[in-house]
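Residue numbers (my numbering): 1 to 212.
Set out below in structure tokens:
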């Protein structure tokens, strides 16, 4: 039987193979780390189940939204025409949304409209290197907490602030942690195989891990 470490190695190698498809002459600002994270994101979709009403139309693509970094969006380019779960990938970049704030108005139509747009995504990556602080993404995460959107980021405290998957670096390798409690609240089912590979899981007893 494979150990958690060997399983993760196999998955990581597969993901690196996907990211290797990015042309050598691509924008130099796209780091290898971003390429690997983009490949992980692509693979996460295979291990997450959305509510039936969210995926009822088989002709609709899986929408991946990005806030904070156009470069990360470019890292996802190699897989955007690949199909996953029988659907194509649609990429959306939301410029300026990292500064999105709700006004003091009782009915903030601008805020509601923009949050509604984010809710149309299946996956939303918040590149906090460009957001400035976890507080900047916290407002958005709070507004999406009951919506079936897989929120992903890369900063300490993201899970505790209501995010679902967070990337972290360990020994110069990309790892990830999961808040399964938040995922369930969003009506997302994360399959056990992905939970077992996570470095840390909140809301479920993880194999060879701890319950948080």
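Here a beta-carbon is modelled for each residue, glycine too, at the ideal position from N, C-alpha and C.
{"Item": "If you draw a straight line from the alpha carbon of residue 183 to that of residue 189, how long is it in whole angstroms?", "Value": "7 Å"}
{"Item": "Given a cut-off of 8 Å on the beta-carbon distance, is the pair residue 144 and residue 114 in contact?", "Value": "no"}
{"Item": "Leaving out the 5 sequence neighbours to the left and right, which residues in its chain are closer than 6 Å to residue 26 when beta-carbon positions are compared?", "Value": "With a pLDDT of 44 at residue 26, under the threshold of 50, the modelled position of that residue is not reliable, and the figure given next carries that caveat. Cβ neighbours of residue 26 beyond the five flanking positions: none."}
{"Item": "Among residues of its own chain, excluding the 5 on either side of residue 50, which ones have a beta-carbon nearer than 6 Å to its beta-carbon?", "Value": "148"}
{"Item": "So is residue 122 buried or exposed if we call it buried at 16+ other beta carbons inside 10 Å?", "Value": "buried"}
{"Item": "Which parts of the stretch 105 to 159 are runs of the alpha helix (DSSP H), unbroken and 4 residues or longer, counting only runs that do not cross its ends?", "Value": "109 to 119 and 134 to 144"}
{"Item": "Taking residue 42 as the reference, give the member of 116, 150 and 162 with the closest Cα.", "Value": "150"}
{"Item": "Check the DSSP bridge columns for residue 92 and list the partner residues they point to.", "Value": "65"}
{"Item": "By alpha-carbon positions, which one of 160, 152 and 65 ends up nearest to residue 175?", "Value": "152"}
{"Item": "Can you tell me the Cα-Cα spacing of residue 33 and residue 97, whole angstroms?", "Value": "23 Å"}
{"Item": "Over what stretch of residues does the beta strand (DSSP E) that includes residue 170 continue unbroken?", "Value": "165 to 170"}
{"Item": "Round the Cβ separation of residue 45 and residue 84 to the nearest angstrom and send it over; I've been treating them as touching at under 8 Å.", "Value": "5 Å"}
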